[in-house]
Amino acid sequence: MSDNALGSFIRARRDATPPAAVGLPAGERRRAPGLRRSELAVLADISVDYLVRLEQGRDRHPSQAVIGALSDALHLSVAERMHLRQLSKFGTGAACSRAPEPTTVVRPPVLAVIDQLEPGIALVLNRIGDILAHTSTFAKLAAPLGVLDSERPNLFAYTLTDERATTAFPDWAHVAEQTIAQLRGGLGHADPYVQAFIDDLARTVGAHFTDRLAAAAGRAPDSAGVTRWLHPQVGELRLAHERLELAPGDQQTITVLVPDDDASTDAVNRLRGARSGALRAVSS
23 MSDNALGSFI RARRDATPPA AVGLPAGERR RAPGLRRSEL AVLADISVDY
73 LVRLEQGRDR HPSQAVIGAL SDALHLSVAE RMHLRQLSKF GTGAACSRAP
123 EPTTVVRPPV LAVIDQLEPG IALVLNRIGD ILAHTSTFAK LAAPLGVLDS
173 ERPNLFAYTL TDERATTAFP DWAHVAEQTI AQLRGGLGHA DPYVQAFIDD
223 LARTVGAHFT DRLAAAAGRA PDSAGVTRWL HPQVGELRLA HERLELAPGD
273 QQTITVLVPD DDASTDAVNR LRGARSGALR AVSS
């Protein structure tokens with residue numbers, strides 16, 4: 023990690039945010055298309071001098087209120103908010119040693135397993151839902167639904183914050199409950215990264231999320247089950263899933279999805295352009 027990762031990230035997001043994206047007029051010609059420091063400072067309710075110190079790495083101790091204000095002003099995604107919060111913790115020396123940072127690296131043997139699972143549907147997640155690896159058929163299933171739109175796709179964030187998820191999952195309420203149960207499990211292990219992710223979801227989603235979070239107390243997520251997906255090209259699929267924990271040091275899971283009935287088998291085969299009958303349903 024660079025010596026000024028926090029400041030570099032804030033500067034990069036400011037440069038990448040056009041005035042129109044935050045409701046400001048473009049005004050006269052600009053040297054750069056992004057926000058001026060003065061504009062971001064006003065939006066985040068901080069001084070220009072303080073923003074300069076943050077970007078230049080002369081102040082690496084922003085409060086979480088400032089981090090939240092900058093996240094709101096820059097319209098950061100949930101994943102970006104979490105990343106900014108993590109960078110601020112590294113800058114203050116507050117990163118908790120009780121839980122390692124969620125890894126984004128998948129070990130070669132795990133990647134080999136994913137490769138062997140082709141042409142099936144499988145993906146690797148870390149404990150906050152980042153999609154780290156997947157089969158090509160998962161991409162054909164998920165990409166048209168918007169799951170992979172983000173530069174750092176996160177299945178949990180998509181499920182809980184993207185309006186398209188309520189269409190993608192006809193039983194969205196149950197899928198959301200399962201997702202929250204997975205997240206809540208991290209709270210029992212004093213995991214600051216899961217807590218930061220949950221805090222950002224609470225800021226983004228509001229009471230709809232916090233109410234579900236409270237209701238999930240003591241509820242363990244299902245490691246297996248059937249989920250309905252609604253795909254724009256092949257229609258509804260019933261996919262049985264099995265979630266397998268990898269080595270403890272990885273803190274990652276492999277989820278494998280397989281058709282639960284003949285209609286879903288045909289749909290998956292059409293999805294990946296295979297001949298009919300190339301993939302068998304679980305129940306057959």
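Residues 23 to 306 in this note's numbering are what the sequence shown spells out, letter by letter. Yeah, the Cβ is synthetic: ideal placement off N, Cα and C, and Gly gets one too.
Taking the Cα of Arg-82 as reference, the smallest distance to any Cα among Leu-106, Glu-102, Arg-52 and Leu-268 is reached at Leu-106.
Our two residues, Leu-163 and Leu-259, have alpha carbons roughly 10 Å apart in a direct line. At least 8 Å separates the beta-carbon of Leu-279 from that of His-253.
Around the beta carbon of Thr-39, 16 or more other beta carbons lie within 10 angstroms, which makes this residue buried. Gly-247 sits in a strand when the DSSP states are folded into three classes. When Gln-273, Gly-271 and Gln-255 are compared, the shortest CA-CA separation from Asp-288 is found for Gln-255. Put simply, of Pro-192, Val-197 and Ser-172 the residue whose alpha carbon is nearest the alpha carbon of Leu-182 is Val-197. For Tyr-215 against Ile-150, the beta-carbon gap comes to about 6 Å, under 8 Å, which counts as contact. The distance from the Cβ of His-97 to that of Val-44 is about 6 Å, consistent with a contact at the 8 Å cut-off. Excluding the 5 residues flanking it on each side, Asp-37 has same chain C-beta neighbours closer than 7 Å at Ala-54 and Gly-56, in chain order. Judged by beta-carbon spacing, Asp-193 lies within the 8 Å limit of Arg-250, meaning their Cβ atoms are closer than that value.
The alpha-carbon of Leu-177 is positioned some 6 Å away from that of Asp-152.
His-230 sits in a helix when the DSSP states are folded into three classes.
Here the C-alpha atom of Gly-228 lies approximately 29 Å from the C-alpha atom of Ala-27. By a beta-carbon distance limit of 8 Å, Asp-282 contacts Val-248. Their separation comes to about 5 Å. For Ile-136, the enclosing alpha helix (DSSP H) has its first and last residue at 130–138.
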